[in-house]
Amino acid sequence: MADRDARRSLSQLLRVEPGSRIDLDRFDAQRTHGWKREDAELHQAEQEARLTELQERLWAEGKRSLLIVLQGIDAAGKDGTIRKVMDAFNPQGCTVTGFKVPSSEELRHDYLWRIHHHTPGKGSVAIFNRSHYEDVLIVRVHGLVPRDVWRRRYRQINDWERLLTEEGTVIRKFFLYIDRDEQRERLQARIDDPNKRWKFSASDLPEREKWDSYRKAFEDMLEKTSTKDAPWYLIPANRKWFRNLAVSTVLAETLTAMDPRYPPADPGIEDIVIPR
Ligand code: AMP
Ligand code: MG
């Protein structure tokens, strides 16, 4: 049954294999790989329960860490994904960092300086809402540094991520892809709903006009920085329920494969009786 196959290999279907070519113009942001909303929501709840248990084991083990990177164009659903994923995690042992326009102090350092500080400590999960990838996205699209400077960053980023991996941090990167029509609807909704207006930024419209430049920058990012140890997952994100299912599934599989263990108890502990 096509459905079952899709279920078994959802992570594989979404992973960007190193060396593959990406054409976002031909990528279907509506796609759900055979999943129906109801089943997806049930399965999603199961993944969340797994995530809760596995994160506790990661924290108890205290030896390794997980870094989750979220990228996507404005209104792609980065905030919503974080809310959903955070539901599963104990806030103790999980950090969320949003990366904005760098401060003047940050700009006086190399672009990874401000990022490195927020990578997860042993036992922890760190979620990045935007990341060092902005330095090959908005920085490239707006020409904030010369071409030869941003071009070498793909290699630098791969090197830096390898360093993190070798030091015990597992990295999973999610690119949430919505299409142009979906972005128009979501931005319009931010304007129409008074409680969402704070989310609309004056830069959202000029950025939207640069759709094609961003598309090229996203494609290059996916092609050049999806590595075996720090892969990108290209998530069709028009449907929020599928996006949530996809991210939870990949994370649950990742933590399951890491198989964190509770530390061994002191010998003889089972014989201890707490005195009255
Ligand atoms: P938001 O995520 O909507 O709060 O917006 C944050 C803004 O900061 C986005 O427009 C990002 O593109 C921008 N930003 C993040 N990192 C950088 C960077 N390294 N250089 C320039 N702009 C950045
Ligand atoms: Mg914004």
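Everything in the sequence shown is counted per our numbering, starting at 1 for the first residue and increasing by one.
C-beta: ideal position from N, C-alpha, C; glycine also.
Express the C-alpha separation of residue j and residue i in angstroms, rounding to a whole number.
i: T85; j: H142; result: Checking the displayed sequence, the identity of residue 85 turns out to be Val instead of Thr. Whole-angstrom Cα-Cα distance: 31 Å.
i: K36; j: Y177; result: 19 Å
i: E105; j: E161; result: 23 Å
i: T249; j: K228; result: 18 Å
i: H43; j: F242; result: 11 Å
i: D23; j: E219; result: 7 Å
i: I115; j: R151; result: 19 Å
i: Y154; j: A217; result: 11 Å
i: Y262; j: L10; result: 29 Å
i: A76; j: Q183; result: 7 Å
i: D39; j: V247; result: 16 Å
i: K224; j: D266; result: 47 Å
i: Q71; j: Q92; result: 24 Å
i: L222; j: I138; result: 15 Å
i: I171; j: I274; result: 42 Å
i: L187; j: N195; result: 13 Å
i: L255; j: I68; result: 12 Å
i: D181; j: T32; result: 17 Å
i: R208; j: K199; result: 15 Å
i: R147; j: R140; result: 7 Å
i: I73; j: S203; result: 12 Å
i: P18; j: S226; result: 5 Å
i: I272; j: P264; result: 16 Å
i: Y233; j: E53; result: 23 Å
i: Y214; j: Q12; result: 25 Å
i: A45; j: R197; result: 31 Å
i: S103; j: L66; result: 26 Å
i: L245; j: L144; result: 36 Å
i: G62; j: E270; result: 23 Å
Does residue i come out as helix, strand or coil in the three-state DSSP assignment?
i: P206; result: helix
i: Y214; result: helix
i: M1; result: With a pLDDT of only 41 at M1, under 50, the local geometry of the prediction cannot be trusted, and no value is derived from it.
i: I191; result: helix
i: L13; result: helix
i: V257; result: Sequence inspection shows Ala at residue 257; the Val mentioned does not correspond to that position. The answer is helix: DSSP assigns A257 an H, G or I state.
i: I274; result: coil
i: S104; result: helix
i: I68; result: strand
i: I22; result: coil
i: I82; result: helix
i: I127; result: strand
i: T97; result: strand
i: K199; result: helix
i: W35; result: coil
i: L112; result: coil
i: I178; result: coil
i: Q44; result: helix
i: Q183; result: helix
i: I73; result: coil
i: T52; result: helix
i: A60; result: helix
i: D87; result: helix
i: R7; result: Interpretation of R7 is limited by its pLDDT of 48, a score under 50 that renders its predicted location unreliable; no figure is taken from the coordinates.
i: A252; result: helix
When you compare the CB of residue i with every CB in chain D, is at least one pair closer than 8 Å?
i: M258; result: The question asks about chain D, but that chain is absent: this structure has only one protein chain.
So residue i and residue j are supposed to be a Cβ contact under 8 Å. How far apart are they, rounded?
i: F99; j: S131; result: 6 Å
i: A257; j: K173; result: 16 Å between Cβ atoms; not a contact.
i: D135; j: Y111; result: 4 Å
i: E48; j: D87; result: 6 Å
i: P236; j: D25; result: Contact flag wrong, Cβ pair sits at about 14 Å.
i: L51; j: L251; result: 6 Å
i: T119; j: T169; result: 6 Å
i: T95; j: A126; result: 5 Å
Mind checking whether the beta-carbon of residue i lies closer than 7 Å to any heavy atom of the ligand HEM?
i: I127; result: By its list of ligands, the structure shown excludes the ligand HEM, since it contains just the ligand AMP and the ligand MG.
Worksheet entry | Residues whose Cβ lies closer than 6 Å to any heavy atom of the ligand MG, in chain order | Chain order is used for the residues whose beta-carbon lies nearer than 6 Å to a heavy atom of the ligand MG, namely D74, S201.
Discussion item. Quick check on the DSSP output: what are the complete alpha helix (DSSP H) runs of length 4 or more inside the segment 132-176, in order along the chain?
Written reply: Listed in chain order, they are 138-141, 147-166.
Worksheet item: Curious, which full-length beta strand (DSSP E) runs of at least 3 residues does the segment 218-248 contain?
Response: You should have 232-236.
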